[in-house]
Amino acid sequence: MKFSLVSDMHLDHPQLKTPYELLEKNVVVAGDCGNGLIGLKWLNKLRRKGHDVFAVDGNHEHYSNLRSGREWIETENSFAKENPHDNEIEGVPIVLKNGWYTVPVESHWLRYMNDGRYGALSAVTVNSLAKGHARFIGERLALWRNRGKRGIVVTHTAPCQETLDPRFEGEYSNYYYYNPYMRELMQEFSEQIHVWCHGHTHAPQDKVVENVRVVCNPRGYPRENPNWKPITIEINT
-14 MKFSLVSDMH LDHPQLKTPY ELLEKNVVVA GDCGNGLIGL KWLNKLRRKG HDVFAVDGNH
46 EHYSNLRSGR EWIETENSFA KENPHDNEIE GVPIVLKNGW YTVPVESHWL RYMNDGRYGA
106 LSAVTVNSLA KGHARFIGER LALWRNRGKR GIVVTHTAPC QETLDPRFEG EYSNYYYYNP
166 YMRELMQEFS EQIHVWCHGH THAPQDKVVE NVRVVCNPRG YPRENPNWKP ITIEINT
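Next up, the structure:
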């Protein structure tokens, strides 16, 4: 089974033409198609082209929450309801959640991130979401283990520090790019995970962490990754 992985398309910015001809039939989108719900139109465009699309919301998808009066759960559900109901890619199970991150100090977060200003999110909410999404993924992984299954995990934020952008190593802002609760899941359920896909960092990565392959393939903002193209991940079933 094969699928294309893309993320951080940021379609609200001027971008080079998307190389649709390189996309596999199955396409996994790890968040941040663009600010607000602009990405839903793009996902539907992919479906009209014949692709099976599996997508998760990123933090930018929440940037119109405040202006539109939407709650975070409405934005999350807008993406979740578009995914196939069986949550499988050709028989391989998949779980998709934003993942979020933790906010140790709210004042720094409010200065550094737009999520609080435009996303109608509080630090308390984000911290709760980080725990809740880890719990949800953990429950799904436990179910796979009980059924003797291996699957694909997709989050927007990284599950570990090892796949963050190396240009910002040691910076305090790294707290806002990964979910620290995910490492325990990688350690406990590595046998259940074919690959963990994420976005958010704008830095392509393909590493093995805690015996789990972790892959990120973001396009990012204009000129960030000028040679970007969709990548194909193959799963032996």
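Letter 197 of the sequence shown, counting from 1, is numbered 182 in this note's numbering, and no numbers are missing. By construction, the Cβ of each residue, glycine as well, lies at the ideal position given by its N, Cα and C atoms.
By how many angstroms is the C-alpha of residue j removed from the C-alpha of residue i?
i	j	result
His179	Ser49	34 Å
Trp129	Leu170	13 Å
Val77	Ser92	42 Å
Met167	Leu149	14 Å
Arg102	Pro189	27 Å
Tyr206	Leu1	10 Å
Asn286	Asn83	Nothing in the structure corresponds to residue 286, since the chain is present only between -14 and 222.
Phe(-12)	Trp181	13 Å
Arg33	Leu(-10)	18 Å
Pro89	Leu126	27 Å
My guess is that residue i and residue j are in contact by the Cβ rule of under 8 Å, so how many angstroms apart are they, rounded?
i	j	result
Asn11	Asp37	5 Å
Asp(-3)	Gly184	About 16 Å; that fails the 8 Å criterion.
So is residue i buried or exposed if we call it buried at 16+ other beta carbons inside 10 Å?
i	result
Glu156	exposed
Thr222	exposed
Asp100	buried
Arg204	buried
Ile58	exposed
Gln172	exposed
Would you identify the three-state DSSP class for residue i, choosing helix, strand or coil?
i	result
Leu(-10)	strand
Lys214	coil
Pro165	coil
Gln190	strand
Glu73	strand
What residues in its chain sit with their C-beta under 6 Å from that of residue i, if we drop five residues either side in the sequence?
i	result
Ser158	Tyr97
Asn68	Phe39
Looking only at its chain, what residues have a beta carbon closer than 8 Å to the beta carbon of residue i, apart from the 5 residues adjacent to it on each side?
i	result
Pro151	Ala188
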